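J.: The sequence shown lines up with residues 64 to 345 when you count with our numbering. Note that beta-carbon positions come from the ideal geometry of N, C-alpha and C, so glycine has one too. These figures come from a predicted structure and were not determined experimentally.
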Amino acid sequence: MTKVIAVVNQKGGVGKTTTCVNLGAALAQKSFKVLLIDLDPMGSLSGWLIDEHTENGTGTGDLLRGTVGFLEAIKRSEDLAIDFIPAGKHLNDITLMENIDPFILGERLGSWIEKYDFVIIDCPPSSNVLIANALMASDSIVIPIQTETLPLKGGIKFLQWLTDFKSEYNANVNILGILPCMFDSRTKLSGQILETMKLSENLGPLVFNTVVRKNIRLAEAPGQHRSIFKAASKSSGANDYTSLAIEVITRSGLQVPEEAVIAPVIEAIETPAVVEDFNHQN
Numbered sequence: 064m065t066k067v068i069a070v071v072n073q074k075g076g077v078g079k080t081t082t083c084v085n086l087g088a089a090l091a092q093k094s095f096k097v098l099l100i101d102l103d104p105m106g107s108l109s110g111w112l113i114d115e116h117t118e119n120g121t122g123t124g125d126l127l128r129g130t131v132g133f134l135e136a137i138k139r140s141e142d143l144a145i146d147f148i149p150a151g152k153h154l155n156d157i158t159l160m161e162n163i164d165p166f167i168l169g170e171r172l173g174s175w176i177e178k179y180d181f182v183i184i185d186c187p188p189s190s191n192v193l194i195a196n197a198l199m200a201s202d203s204i205v206i207p208i209q210t211e212t213l214p215l216k217g218g219i220k221f222l223q224w225l226t227d228f229k230s231e232y233n234a235n236v237n238i239l240g241i242l243p244c245m246f247d248s249r250t251k252l253s254g255q256i257l258e259t260m261k262l263s264e265n266l267g268p269l270v271f272n273t274v275v276r277k278n279i280r281l282a283e284a285p286g287q288h289r290s291i292f293k294a295a296s297k298s299s300g301a302n303d304y305t306s307l308a309i310e311v312i313t314r315s316g317l318q319v320p321e322e323a324v325i326a327p328v329i330e331a332i333e334t335p336a337v338v339e340d341f342n343h344q345n
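1) Return the chain-ordered list of same chain residues with a C-beta closer than 6 Å to the C-beta of Lys66, the five sequence neighbours on each side being excluded.
2) Would you report the Cα separation of Thr259 and Ala308, rounded to the nearest angstrom?
3) Please list the segments of the beta strand (DSSP E) lying wholly inside the region 225 to 253, counting only runs of 3 or more residues, in order along the chain.
4) Whose C-beta lies closer than 6 Å to the C-beta of Pro165 among residues of the same chain, with five residues either side of it excluded?
5) Note down the Cα distance separating Val236 from Ala69, rounded to an integer number of angstroms.
6) Quick check on this structure: which residue in Asp227, Thr273, Lys220 has the alpha carbon closest to the alpha carbon of Asn265?
7) For Arg171, which three-state DSSP category applies?
8) Buried or exposed for Ile279, please, with buried defined as at least 16 other CB atoms from any protein chain shown within 10 angstroms of its CB.
9) Cutting at 7 Å between CB atoms, please list the residues of its own chain near Val131, excluding the five before and the five after it.
10) Measure the alpha-carbon distance for Val77 versus Lys261 and round it to whole angstroms.
11) Can you give me the start and stop residues for the beta strand (DSSP E) that Lys66 sits inside?
12) Is Leu154 near Pro207, with beta carbons less than 8 Å apart?
13) Buried or exposed for Glu310, going by 16 or more other Cβ atoms inside 10 Å?
14) Whose C-beta lies closer than 7 Å to the C-beta of Arg289 among residues of the same chain, with five residues either side of it excluded?
15) Out of curiosity, what's the CA-to-CA distance linking Thr117 and Pro268?
16) Buried or exposed for Arg249, going by 16 or more other Cβ atoms inside 10 Å?
17) So the candidates are Lys229, Asn85, Glu211, Ile167; which of them puts its Cα closest to the Cα of Ile183?
18) Between Ile312 and Val192, what straight-line distance do the alpha-carbon atoms span, to the nearest angstrom?
19) Can you tell me whether DSSP reads Asp101 as helix, strand or coil?
20) Could you tell me which of Ser109, Ile157, Asp103 sits nearest to Gly129, measuring between CA atoms?
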């Protein structure tokens, strides 16, 4: 059964696109079939995967408007060994329209996505219309949170918003995990924020064991139009996203390939059962 994951946080610059691309690449390396969807009008994921991204390209905006079909919208990244749907030039038009049905994306994807093991949606930071469509089309959520004070506060607010959203729309979407990002072991603040996240009554049970460390290779990869595994396969970034992929596979109830070994960089905490309890309560 296809696992549809929305990577979402209402704050920008916290690692959503980086997580989508490199998590997708890590899953593909383990022989899973992956589709990435760019639902951010800024098109960061699209620009990462397409060498010459132009405004004339079709994409998610056209799919939502019904002017192209699923097969027309899809492109292939041979570097990542995955399929993806770029944002296209009309995605921003959707945010300007009133009374947009939050079920459109799910309807447009339909049964086409059944050939994939994972569909990962890169969400915008601000458009509730597009975020709503992503959540209604997904069965789970990954929330990247930068290990700094303001992103942590924003993450807590997003959880509150998510609870209200699920209640209003009766959304059947659960939190797969919260991903600490841009962790800098050289600073005391990063360590304090990570500890606060793990000890938090609301966040702690949801935090992934994997922590994505700040790494210059991760920052350089988009400019090279490559995943971290092609740009710097021995880097901490490659190790961290491999570890995340294994956690995502496990929490999704799938079997981890035998050759895969979890190598957490921060002391692990056991959370999957608590995650399930939290999601059922909300």
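T.: Checking against the coordinates, here is how it stands:
1) In the sequence shown, residue 66 corresponds to position 3, counting from 1. Cβ within range, chain order: Phe181, Ser315.
2) Translated into the one-based positions of the sequence shown, residue 259 becomes position 196. Translated into the one-based positions of the sequence shown, residue 308 becomes position 245. The straight-line gap from Cα to Cα measures roughly 24 Å.
3) 237 to 244
4) The sequence position of residue 165 within the sequence shown is 102, counting from 1. Ala195, Asn196, Met199, listed in sequence order.
5) For this step, residue 236 is matched to residue 173 along the sequence shown. For this step, residue 69 is matched to residue 6 along the sequence shown. Whole-angstrom Cα-Cα distance: 9 Å.
6) Residue mapping note: residue 265 aligns to position 202 of the sequence shown, counting from 1. For Asn265, the nearest C-alpha among the options comes from Lys220.
7) Along the sequence shown, one-based indexing puts residue 171 at 108. Arg171: helix per DSSP, three-state reduction.
8) Counting from 1 along the sequence shown, the entry for residue 279 is found at position 216. Exposed: under 16 other Cβ atoms inside 10 Å.
9) Taking the sequence shown and counting its residues from 1, one reaches residue 131 at position 68. The answer, listed in chain order, is Thr121, Asp125.
10) Stepping through the sequence shown from its first residue, residue 77 is reached at position 14. Stepping through the sequence shown from its first residue, residue 261 is reached at position 198. Rounded to the nearest angstrom, the two C-alpha atoms are 18 Å apart.
11) Position 3 of the sequence shown, counted from the start, is the residue given in the question as residue 66. Taken as a continuous stretch (DSSP letters only), the beta strand (DSSP E) holding Lys66 covers 66 to 70.
12) Within the sequence shown, numbered from 1, the residue matching residue 154 stands at position 91. Within the sequence shown, numbered from 1, the residue matching residue 207 stands at position 144. Against a cut-off of 8 Å, the Cβ pair of Pro207 and Leu154 comes out as no contact.
13) Within the sequence shown, numbered from 1, the residue matching residue 310 stands at position 247. Its Cβ being crowded by 16 or more others within 10 Å, Glu310 is buried.
14) Numbered from its first residue, the sequence shown carries residue 289 at position 226. The residues are Asp142.
15) As a working note, residue 117 is residue 54 in the sequence shown. As a working note, residue 268 is residue 205 in the sequence shown. Since pLDDT at Thr117 reaches only 45, below the 50 mark, its modelled position is unreliable, and the value read off the structure follows with that caveat. Roughly 42 Å separates the two Cα atoms.
16) Taking the sequence shown and counting its residues from 1, the one referred to as residue 249 is at position 186. Label assigned to Arg249: exposed.
17) By 1-based counting over the sequence shown, the position of residue 183 is 120. Checked all of Lys229, Asn85, Glu211, Ile167; the closest Cα to Ile183 is Asn85.
18) Counted from its first residue, the sequence shown places residue 312 at position 249. Counted from its first residue, the sequence shown places residue 192 at position 129. Near 29 Å, if we compare the C-alpha coordinates of Val192 and Ile312.
19) The residue labelled residue 101 in the question sits at position 38 within the sequence shown. The answer is strand: DSSP assigns Asp101 an E or B state.
20) Counting from 1 along the sequence shown, the entry for residue 129 is found at position 66. Minimum Cα distance to Gly129 is reached at Ile157.
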